[in-house]
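668 is the number that my numbering gives the last residue of the sequence shown; the numbers go up by one with no jumps.
Quick reminder that beta carbons are idealized off the backbone N, C-alpha and C, glycines included.
Computed from a prediction, not measured in an experiment: that's the story for all the values here.
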Amino acid sequence: MESKIAELKAAAADSIKAAADLKELDNLRVKFLGKKGEVTNLLRGMSQLSAEERPKIGKIVNEARADIENLIAAKNSELKAKALQNKLASEKIDVTLAGRKFQRGHLHPLTLTLNRIKEIFIQMGYSIEEGPEVETDYYNFEALNLPKNHPARDTQDSFYITEEILLRTQTSPVQARTMQKHKDNAPIRMISPGRVYRRDDFDSSHSPAFTQVEGLVIDKGITFGSLIGTLDFFCKQMFGESTKIRLRPSFFPFVEPGVEVDVSCPICHGNGGGCKVCHDSGWLEILGAGEVHPKVLEMSGYDSSKVSGFAWGCGVERIAMIKYGIDDLRYFFENDMRFLNQF
């Protein structure tokens with residue numbers, strides 16, 4: 326019996342030493358130490374031994390079991406360490422390789438245009454004022470000399486939420502709110518950039534949501550010449566020193582007199598011939614302007630006999646299209662990288 330145990334122990338040691346992987350080692354564990362394993366079978370066969378032999382043989386079998394368990398544990402650690410080394414060797418990183426460059430983003434052309442507009446007017450001493458996009462009918466229309474049932478309201482085609490609340494159709498309400506915050510005919514020099522909303526079709530020159538910038542100056546001695554000088558400076562800064570402006574009479578309820586302002590085409594430099602941007606005219610319409618209507622001043626607490634002012638408003642998309650020679654407004658909203666990467 327003792328010799329049989331010694332042979333089993335030697336066979337187990339040789340098999341465990343030769344095990345190539347953890348799966349094979351686990352199969353050997355079951356073979357020698359499992360419920361139906363060879364060591365268990367030896368223990369079961371002890372019933373055939375005499376009472377004097379059982380303690381001695383039992384001790385030898387248990388020692389053999391312990392030795393086999395230790396061999397399996399040691400081999401298990403060895404195989405795990407080897408597997409880890411193989412994994413590290415196969416997954417190592419070559420730090421000498423050049424890294425992949427991440428694509429850097431940049432500002433949208435509308436943001437670039439708006440930032441430039443802000444820069445120009447900030448250097449002229451203007452402040453930047455903001456207001457709510459969800460506005461009251463009073464500030465959006467009535468405070469700007471557009472009372473209920475005024476025919477000019479039809480051209481706005483507004484998004485109403487209730488009878489008195491709507492999405493603002495212009496940033497002019499910010500001008501009214503700013504005037505009402507000032508007291509005693511205090512001077513104002515401000516611009517109000519922001520999103521506005523109108524019921525327009527979405528096509529090459531219209532959008533139901535767009536960005537607008539409006540300006541307002543109020544002080545003693547402000548004349549129509551002050552407006553012309555300001556707009557001439559702005560257009561030269563935005564489109565180049567050779568840029569010229571042209572004024573055409575127009576009507577806006579909140580200014581009197583009112584004008585449409587054209588700028589010489591920066592693509593053909595005002596020559597016109599064959600230019601697709603200005604359609605051969607040499608001029609492009611960019612904004613509306615005028616002297617602030619006395620009634621608008623009075624409604625916001627100013628004395629129109631002591632102060633005067635001018636106001637103007639333009640679409641940022643329109644300025645960007647002229648500046649960059651873009652012929653379709655929809656490009657700004659489609660997120661096409663072929664378009665955006667040009668900026």
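Under the rule that a run must span 4 or more residues, the alpha helix (DSSP H) segments found entirely inside the segment 545-621 read 549-564. Annotation for residue 503: the continuous alpha helix (DSSP H) segment containing it runs 497-506. Under the DSSP assignment, residue 418 falls outside any alpha helix (DSSP H); it carries neither an H nor an E label. Less than 8 Å separates the beta-carbon of residue 578 from that of residue 477.
Using a Cβ-Cβ distance cut-off of 8 Å, the segment 531-550 and the segment 406-424 are not in contact, since fewer than three pairs of beta carbons, one from each stretch, lie closer than that value. Judged by DSSP in its simplified three-state form, residue 436 adopts helix. Here DSSP, grouped into helix, strand and coil, assigns residue 357 to helix. Annotation for residue 664: no beta strand (DSSP E) segment contains it, though the alpha helix (DSSP H) segment containing it runs 662-665. In the structure shown, residue 659 falls within a coil segment according to DSSP collapsed to helix, strand and coil. Sequence-distant Cβ neighbours of residue 540 in its own chain, meaning closer than 6 Å and more than five residues away, are 516 and 637.
Straight through space, the alpha carbons of residue 484 and residue 464 are spaced by roughly 15 Å. Taking the Cα positions, residue 583 is about 11 Å away from residue 552.
Using a Cβ distance threshold of 8 Å, residue 606 and residue 615 do not count as a contacting pair. Annotation for residue 489: 461, 462 and 463 place their beta carbon closer than 8 Å to its own, counting only its chain and skipping 5 residues before and after. Of all C-beta pairs linking the segment 443-458 to the segment 415-435, fewer than three are shorter than 8 Å, placing the two stretches out of contact. With a cut-off of 8 Å on Cβ pairs, the segment 488-503 is not in contact with the segment 431-450, counting fewer than three such pairs. Assigned with DSSP and collapsed to three states, residue 486 falls in coil, not helix or strand.
For residue 517, the beta-bridge partners assigned by DSSP are 539.
Per DSSP, residue 636 lies in no alpha helix (DSSP H) segment; the continuous beta strand (DSSP E) that holds it begins and ends at 633-640. For the pair residue 600 and residue 652, the Cα-to-Cα distance works out to about 12 Å. The DSSP-derived three-state label of residue 522 is strand.
By the CB criterion at 8 Å, residue 347 and residue 404 fall inside the cutoff. When secondary structure is reduced to three states using DSSP, residue 534 falls in the strand class. Proximity of the segment 555-568 to the segment 520-527 falls short of the contact definition, fewer than three beta-carbon pairs being nearer than 8 Å. In this structure, residue 624 lies near residue 468, with their beta-carbon atoms less than 8 Å apart. Going by beta carbons, residue 396 and residue 337 fall inside the 8 Å limit. Shown here, residue 382 sits in a helix according to DSSP, grouped into three states. For residue 356, the closest C-alpha among the options 328, 393 and 381 is that of 393. Under DSSP, residue 460 forms a beta bridge with 491. Counting the other Cβ atoms within 10 Å of the Cβ of residue 548 gives fewer than 16, which makes it exposed. Looking from the CA of residue 641, the closest CA among 495, 503 and 528 belongs to 495. DSSP, reduced to helix, strand and coil, places residue 651 outside both helices and strands of the structure shown, so it counts as coil.
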